[in-house]
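J.: Sequential numbering of the sequence shown, starting at 9, is according to my numbering. Heads up, the beta-carbon is just placed ideally off N, CA and C, and yes, glycines get one too. First the structure, which I've put down as structure tokens, then a few questions once you've had a look.
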Amino acid sequence: MQNEQIALTEAIYYTLLSLYEPLHGYGIMQKVELMSAGRVTLAAGTLYGALNNLLDKGWIEALPKNANNRKKEYLITAQGKKMVEMELLRLQELISNGKKIVEDGSEK
């Protein structure tokens with residue numbers, strides 16, 4: 009993993025957040041919509057493209073199918089969690105700098 013900061017898209021960010029517990033594709037779509045209060049909706053094509061990308065990067069893993077569930081489930085990896093933590097820091101910096109300008113009216 010490189011140390012450079014990568015800005016995550018909302019779709020990727022919410023997908024990673026939804027996978028702190030095992031979920032299948034449709035469950036991810038529902039959870040993202042719920043977490044964003046309906047503002048972010050993922051179409052199936054967008055979601056499965058994102059999942060393949062995240063799998064390739066090692067940010068999520070596909071769990072083995074079991075007899076009780078025929079749907080493929082995914083789970084965030086330690087590397088994926090690190091990317092979420094880095095994104096939170098990046099977003100906090102954006103908010104902090106924006107507040108300094110907007111609320112204080114200065115560039116302290």
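My guess is that glycine 88 and tyrosine 56 are in contact by the Cβ rule of under 8 Å, so how many angstroms apart are they, rounded?
T.: Counting from 1 along the sequence shown, the entry for residue 88 is found at position 80. Counting from 1 along the sequence shown, the entry for residue 56 is found at position 48. Not a contact, Cβ separation roughly 17 Å.
J.: Taking DSSP as the reference, what is the three-state secondary structure of alanine 19?
T.: Locating residue 19 in the sequence shown gives position 11, where the first residue counts as 1. Alanine 19 falls in the helix class under three-state DSSP.
J.: On the CB-based measure, 16 or more other CB atoms within 10 Å of its CB, does valine 110 come out buried or exposed?
T.: The residue you call residue 110 lines up with position 102 of the sequence shown. So valine 110 counts as exposed.
J.: With a CB to CB cut of under 8 Å and the five nearest residues on each side skipped, what residues in its chain are close to asparagine 77?
T.: Taking the first residue of the sequence shown as position 1, residue 77 is located at position 69. Around asparagine 77: His32.
J.: For methionine 43, which residues in the same chain have their Cβ closer than 8 Å to its Cβ, ignoring the five residues on either side in sequence?
T.: Position 35 of the sequence shown, counting from 1, holds the residue named residue 43. Cβ neighbours of methionine 43 beyond the five flanking positions: Tyr22, Leu25 and Ser26.
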